[in-house]
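Okay, structure first, notes after.
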Amino acid sequence: MWKNVIVWLIWLIGVSALYLFANNAGTLIVLLLSVLIPVLLAAAAELSAKHIVAELEFPEAASKEASFSGILKVTNNGILPLQRGEFRIVCENRFTGEKTENVVLVSCKSRSCAEAAVKLCSKYCGVIDITDAGARVKDTFGLISRKVKGFERKRVCVAPRCFDLEIALIEDINVIVDSDEYSTARPGTDPSEIFGIREYIPGDSIKSIHWKLSQKLDRLMVRELGLPVVERFLVLAETSIIPGIDMPSANEKDVMAEAFFSVSRELVRQGISHTLGWKNTETGLYEEYDIKTTEDISTIVGHFLSNTVCAGNTTVAACFRQFYAQCAYAHVVVVSSYIEPDITALYNGNRVTILLAGGAPENDGMRPDGIYSLSFSAEDYKCDLRKLEL
Numbered sequence: 012m013w014k015n016v017i018v019w020l021i022w023l024i025g026v027s028a029l030y031l032f033a034n035n036a037g038t039l040i041v042l043l044l045s046v047l048i049p050v051l052l053a054a055a056a057e058l059s060a061k062h063i064v065a066e067l068e069f070p071e072a073a074s075k076e077a078s079f080s081g082i083l084k085v086t087n088n089g090i091l092p093l094q095r096g097e098f099r100i101v102c103e104n105r106f107t108g109e110k111t112e113n114v115v116l117v118s119c120k121s122r123s124c125a126e127a128a129v130k131l132c133s134k135y136c137g138v139i140d141i142t143d144a145g146a147r148v149k150d151t152f153g154l155i156s157r158k159v160k161g162f163e164r165k166r167v168c169v170a171p172r173c174f175d176l177e178i179a180l181i182e183d184i185n186v187i188v189d190s191d192e193y194s195t196a197r198p199g200t201d202p203s204e205i206f207g208i209r210e211y212i213p214g215d216s217i218k219s220i221h222w223k224l225s226q227k228l229d230r231l232m233v234r235e236l237g238l239p240v241v242e243r244f245l246v247l248a249e250t251s252i253i254p255g256i257d258m259p260s261a262n263e264k265d266v267m268a269e270a271f272f273s274v275s276r277e278l279v280r281q282g283i284s285h286t287l288g289w290k291n292t293e294t295g296l297y298e299e300y301d302i303k304t305t306e307d308i309s310t311i312v313g314h315f316l317s318n319t320v321c322a323g324n325t326t327v328a329a330c331f332r333q334f335y336a337q338c339a340y341a342h343v344v345v346v347s348s349y350i351e352p353d354i355t356a357l358y359n360g361n362r363v364t365i366l367l368a369g370g371a372p373e374n375d376g377m378r379p380d381g382i383y384s385l386s387f388s389a390e391d392y393k394c395d396l397r398k399l400e401l
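Under the numbering used here, the first residue of the sequence shown carries the number 12, and numbering increases by one thereafter.
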């Protein structure tokens, strides 16, 4: 603004010198217009600023790497036109921490509305906070700038792209899971519940043969045992980066979220009820949600992506143990960018697997502390995680 004022003053000095040199009506008119027009426009802008109302509209959800549009609607309730409205729009991905800023210019007649399209695109998943970083009204020459009330904050959820993977459960004889609910999609090893009856396949255990039914049908039939699904599986996401650990890149944060929800989606597909948990980085507390259907996943995606993967002093394992005396889940998966020093707090004779974003593949496998580590890269994560034994 001050730059424009200085330029205007220099112009006035030049026009004044021209008038003094020429001393005619033409130069006088130019001098008067050079003073009056900017002053009147500045006064009009000052008055119109009191009657400006801004509103921003955006969809609640969008896709990664795809443009999504919103509309900035500016209403001028005054009798003077809006010469130049300047709206600074800041978009912050709450999950990855990335920020971008856009400036939208709007002008409109008196007692009318004007709309301007706002196009955004997010390379990574996350909840996008769209906030007003300063809305101002300026005159045509930019001599004054007055702050006006901006629009209310908007949020757009950019969901992760889940990918297909295969999960095979490793049954551990040291873990006993007591459940009254059984999977309707896949068999298990619980003899107290029958999943179904089918024909014998070479390799089936002789103990599973249903002899009476086989004799009646004149062919070998076997029992498929039930699979208890309550409190069998816990999937955790690490959102806290403790001191001494490098902050993961935005790309690594993105693929961590994709791996987290892809594992959950595959468990749902297999009919396995499970729990998703993470540390809320705002409250510092552990949060968990029981998942049985894809609708359950959709319900919590936005809430999870509202957390920022950021520096913290406690891991998700520590937060979990603050709520539970021990980990009673038969299978635990932790999606993280580093191996937590207290991850053994989740080990209780069960199967604990850490899916490590950006880890070294040569260190994959069973660790001495009983934790199984599997690395995946931000570039080839779909290939690295296509088959999991959890």
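Where a beta carbon is used, it is the ideal one built from N, C-alpha and C, also for glycine.
- Checking the DSSP bridge columns, you'll see Cys-119 partnered with Leu-93.
- Listed in chain order, the beta strand (DSSP E) runs fully inside the segment 267–353 are 285–290, 297–302, 342–347, counting runs of at least 3 residues.
- Contact check for Arg-99 against Val-114 passes: the beta carbons are separated by less than 8 Å.
- Counting C-beta atoms within 10 angstroms of its own C-beta, Cys-168 has 16 or more neighbours from the protein chains shown and is therefore classed as buried.
- Ser-251 and Val-46 have their C-alpha atoms some 60 Å from each other.
- Inter-residue distance for Val-26 and Arg-157 is about 28 Å (C-alpha atoms, whole angstroms).
- When beta bridges are read from the DSSP output, Phe-152 appears opposite no residue.
- With 16 or more neighbouring CB atoms inside 10 Å of its own CB, Ser-273 falls in the buried class.
- Per DSSP, the beta-bridge partners of Ser-386 are Leu-367.
- Within 10 angstroms of the beta-carbon of Pro-352 lie fewer than 16 other beta-carbons, which makes it exposed.
- CA-CA distance, Ala-261 to Val-363, rounds to 26 Å.
- For Thr-86, the enclosing beta strand (DSSP E) begins and ends at 79–87.
- About 15 Å separates the beta carbons of Ile-178 and Leu-287, which is beyond the 8 Å limit, so they are not a contact pair.
- When Arg-122, Ser-121, Cys-124, Asp-143 are compared, the shortest CA-CA separation from Lys-110 is found for Asp-143.
- Here the C-alpha atom of Thr-304 lies approximately 8 Å from the C-alpha atom of Arg-276.
- Checking the DSSP bridge columns, you'll see Asp-395 has no partner listed.
- Closest in alpha carbon position to Asp-150, among Tyr-300, Ser-317, Pro-49, is Pro-49.
- Cα atoms of Ser-118 and Thr-107: separation of roughly 34 Å, rounded to the nearest angstrom.
- The alpha-carbon separation between Glu-76 and Ala-60 amounts to approximately 37 Å.
- Secondary structure note for Lys-223: its alpha helix (DSSP H) is the uninterrupted segment 222–228.
- Contact annotation: Ala-368 and Arg-332 have beta-carbon atoms that are not nearer than 8 Å.
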